[in-house]
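Protein sequence lines correspond, in order, to chains E and W.
Be aware that the first sequence starts at 1, since it is given in the numbering used here, and climbs by one per residue.
Be aware that the second sequence starts at 1001, since it is given in the numbering used here, and climbs by one per residue.
Have a look at the structure below before the remarks.
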Amino acid sequence: MSAGDLVKNAADREVPVTVNGRESVPFMGVGKFRPEGRKAAPPVATCADYPSDGNKLVDDLETALRKCSLRDGMTLSTHHHFRNGDLVANALFDAAARIGVKDLVWFPSASFPCHAEQLKHLESGVIHHIEGSMNGPLGDYCTRGKMKGLGVLRSHGGRYQAVQDGEVHIDIAVIAAPAADPFGNANGVMGDSACGLLGFALADSQYADRVIVVTDNVVPFPCVPWQIQGNHIDFVVEMDRVGDPEKIVSGTTRVTKSPDRLLIAEYVARFVRDAGIMRDGFSFQAGAGGTALAFAIYLKEMMKDAGVRARFIRGGSTKYLVEMLEEGMTDYILDGQTFDLEGVRSMRENPNHVDTSPFTSYNYHGKGNFAGIVDAVVLGATEVGVDFSANVVTHSDGKLLHGIGGWQNCLFSKCTILAIPSFRDRIPVLVDRVTTLVGPGELIDVVITERGIAVNPHRTDLLDALKGSDLPVRPIGEIKEEVESICGGAPAPPVLDDDVVAVIKWVDGTVIDSVRRLAPGSP
Amino acid sequence: MKKSAEAGRAGPSVRSDCRVRFASRASGGIDIALESRVASMYGASIREEAARVLAMLGVTHGSLEIDDSGAVPFVLAARIEAAVRRALPGCTKRALPEPIDVVRAKTRRRRLRRSRLYLPGNEPKFFLNAGLHGPDGIILDLEDSVAADEKDAARIVVRNALRQVDFHGAERMVRINPLPMGLDDLDEVIPHGVDVVLIPKCESAVSVRDVDERITSLLAGMEGDGIATYLMPIVESALGVEKAYDIASASKRVAALTIGLEDYTADLGAARTAEGKESLWARGAVVNAARAAGVAPIDSVFSDVGDLDRLRAVALESKSLGFEGMGCIHPRQVRVVHEAFAPTTEEVEKAKRIVAAFEEAKKRGSGVVSLGSKMIDPPVVKRALRIVRIAEGEKR
């Protein structure tokens, strides 16, 4: 697990020049790296090799893997459409272990606490390393330097870019689907495990050598809408259950009851209004976190008062966004994932509730992406520096605890807002220098805390727009100092080794920062 | 004599607090064992703070176990002091944290008191951000929200909060326990900057005067420009309501009179209803007694924090009865209460015209105030001045 030589990148962070045996490019600055060459491509297939009646069903996952010629060292991908209710990723590596292969690379679009079971496969050598988000026990395992290879963390858009550019070659993709036909057409809107859409598996279906669809809901051809097209699919496997519905989407999404978070959400909504962003035909993105949901509810009232309608809202959708669509307060929801049953229902029934993918929304190496068209996006962070740069992957104690998700990609919005508490349980969120750099400060426009609103000094337009507003606009350093006086000084930095255990990719595939191993004996 | 004791709370669901266990011994110096979820960031500073607190308390030998769930320094210090004082009841020393440098709102006897936000006195996690929600007053409660065997610990953490928490311009209020225990509460907290003391279950002028006297002796020489401690007695029984005027006029420190409806309705033997007919007379009596004594009448609390619409209706009714404010038990209630007690735009506009006419008349040296063709009586001017004052206060 040696990362070899380290160099300082354009963000003044030390990063390895080789990652898991491949040369990598250190971050050069936003928009500076120029990709070359042609996109990757899977082998050319012929339908003569597939059943002429279109029936690609095989007995079980193990059979499908054998038919895909699974062998040591291959890269296997899975997706997080079922979130913490996913049963397929664990079943996949259990099957691989039974076959007896070693040193696989797991390439999930995200991992969840339910995937802690993969630890046994990391320890036994079935999995060599993970390229994807790691949290909980997996994050702890990686940060303590126990994983054989380097962890590689990418954004949703960065994952598409890495596959498309050939940086990651997927040998076998396994797509868990709430509904599929024997030909392999699949969607996320039907069945007990309905999750809305299957956008995170798009790259895998297009670029992997072999693709397996796993479902607990086989329907006769055609399975429509075919969010995943059967023409990309090698085999279809039926399992008893692919997901635990209660953990896939929540029956009802709950808005935060925390008075401090409600205060932050209200500040965000007032900011969007007072800065002039909230106007007819505008767009915004807000996720399903408690603060983001509350923001959407406050903003809706303000839109009603002002008689303003949005052109589109970017999901993660929830019943609150669906209500806005159905009440005519937005023309469209452009959705990346659905977080509750109302979101799933709306996506199934309403043609103006549109599914998107990391290709359309986020991929940096395309001919444009949606992220930059969005007027305002509301995001979180684990740490924010006084230069507005931010961390979403590690805790201030140095441990990996979150994936990047679409966070990096969303930074390209016209106004990027981080809505965060200024400290959590004595741990300051505002710091001098973030433990791990995930987003450059030049792309982060506003930081909104319960103690005040800090506008990035380079956004003089926003500062001008806020003149006369009664919002508590303050310099970021002043809020940081107030927080440190409450918490009893600045926190001591984590004690870390020189050894790198994971790298953080920027949206263009360059390496923006490294995660270091925790010193032995760290809590 | 007890030699070891615990204080505070810890565990997965606890935030911003800690549990400490102190055992005194005759020799061997100080041992500190620490478990903390913020150990990598604040472990060294927690040990330093703990040693400092023990030294201030005069402890030279003993072991201290700290199970920390993110307690900020003033909470850690309070828990250690509580454990040490429990273990060594003869300990007379105090570990007072350095007072922080904040601009305290000047308090006055007549002041905007639309909302007062109750915070349970032994739950310091609620203290840090309470002021951000903009209540006119924040009550650190030592009475009903604190268990009987935690009164000592709550007093210490409240005292430390008065020295180290920025309440962002809210009046700093403490609800003490009924006398005589309330007098011990005063000894611990009064020297550290309390704007208003709430006296619960008040039934006589005597208890108000007892509180007044104790405060006066504790503050001898300390009160001055904008620094004073006022009283807000709470009547919570049939007898208390009967004695309301005596209570409200018992001391120059009394700034407001309020009513506690849960206890009052229980005392009546009536159920507390949403409509509140059962307490209508008592509320009217409190308003009348307070006005007669020249202090502000303030209403009880509304306890369903999820129902903001009902709160608004209750607060509007309260205003119509003559109350100037009410209690809040959740920060979300503050804004609704402020809006309900705020004069309407029409009221403010009219009041401003009356005040302008009054100023104009004064300039002319005339005692007759008129607006258009109408003569304005002095009580109307007085009410207009109050409305303008409330409207100005909102811009705080």
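For every residue, glycine included, the Cβ atom is placed at its ideal position computed from N, Cα and C.
Sequence-distant residues of the same chain with beta carbon closer than 7 Å to residue i, five excluded per side
i	result
L1239(W)	E1203
H121(E)	F93, A97, I127
Cβ-based burial, residue i [other Cβ within 10 Å; buried from 16]
i	result
V7(E)	exposed
R517(E)	buried
A142(E)	According to the sequence provided, residue 142(E) is Cys. The question's Ala does not apply to it. Buried: at least 16 other Cβ atoms inside 10 Å.
S193(E)	buried
K1395(W)	Annotation note: pLDDT 45 at K1395(W) (below 50); position unreliable, coordinate value reported separately. K1395(W) is exposed by the Cβ-count criterion.
N1177(W)	buried
G1294(W)	exposed
K1252(W)	exposed
W106(E)	buried
E1188(W)	buried
H353(E)	buried
C47(E)	exposed
D513(E)	buried
D499(E)	exposed
L1280(W)	exposed
Chain-order list of residues whose beta-carbon lies under 6 Å from that of residue i (same chain, five-residue window excluded)
i	result
I1139(W)	R1116, Y1118, M1173, R1175
L1183(W)	R1214
A286(E)	A292, F295, A296, V378
Spatial distance of residue i from residue j (CA atoms)
i	j	result
S1069(W)	S1040(W)	13 Å
F1127(W)	A1161(W)	8 Å
Y320(E)	E1213(W)	57 Å
N55(E)	A288(E)	39 Å
M1001(W)	A1078(W)	Its pLDDT being 48, under 50, M1001(W) is placed unreliably in this model, and the coordinates cannot settle the point.
G21(E)	V507(E)	21 Å
L1076(W)	K1125(W)	12 Å
V392(E)	L437(E)	8 Å
V1355(W)	V1287(W)	25 Å
G158(E)	V1102(W)	47 Å
M1(E)	M147(E)	Any reading at M1(E) needs caution, since the residue's pLDDT is 45, under 50, leaving its predicted position unreliable; the model's value is listed next. Looking at the two C-alpha atoms, the distance is approximately 7 Å.
D1144(W)	P1233(W)	15 Å
Y533(E)	C415(E)	The first residue shown for chain E is 1 and the last is 523, placing residue 533(E) beyond what the model contains.
L153(E)	A465(E)	37 Å
C532(E)	G196(E)	Since the first residue shown for chain E is 1 and the last is 523, residue 532(E) is missing from the structure and cannot be characterised.
H129(E)	P472(E)	46 Å
D204(E)	A1147(W)	59 Å
T435(E)	T75(E)	30 Å
Residue(s) in a DSSP beta bridge with residue i
i	result
G524(E)	There is no way to answer for residue 524(E), as the model of chain E reaches only from 1 to 523.
F295(E)	None; F295(E) has no bridge partner.
M1326(W)	S1115(W)
T215(E)	A177(E), E238(E)
A20(E)	Correcting the residue identity first, residue 20(E) is Asn in this sequence and not Ala. DSSP, once it has assigned bridges, lists no residue as partnering N20(E).
D86(E)	G243(E)
M1232(W)	L1198(W)
I172(E)	L76(E), R210(E)
Residue i: contacting residues in chain E (beta-carbon distance under 7 Å)
i	result
M1326(W)	In chain order: nothing, as chain E lies at least about 18 Å away.
P1073(W)	G488
Partner residues on chain E for residue i, Cβ-Cβ distance less than 8 Å
i	result
I1100(W)	S485
R1332(W)	P259, L262
N1177(W)	Simply none; closest approach about 27 Å.
H1133(W)	P259, L263
Under 7 Å by beta carbon: chain W residues contacting residue i
i	result
D425(E)	R1015, S1016, G1070
S396(E)	M1041
G489(E)	S1045
Sequence-distant residues of the same chain with beta carbon closer than 8 Å to residue i, five excluded per side
i	result
E326(E)	S346, N350
G521(E)	none
E246(E)	G85
L1219(W)	I1190, P1191, T1229
Any non-hydrogen atom of the ligand MN within 8 Å of residue i CB
i	result
V1381(W)	In the structure on display, the ligand MN does not appear, and there are no ligands present to speak of.
Neighbouring residues, chain W, relative to residue i (Cβ below 9 Å)
i	result
V495(E)	S1040
A492(E)	S1040, M1041, Y1042, G1043, A1044, S1045
Amino acids of chain W, ordered along the chain, whose beta-carbon sits closer than 8 Å to that of residue i
i	result
E450(E)	N1129, L1132
S522(E)	S1040
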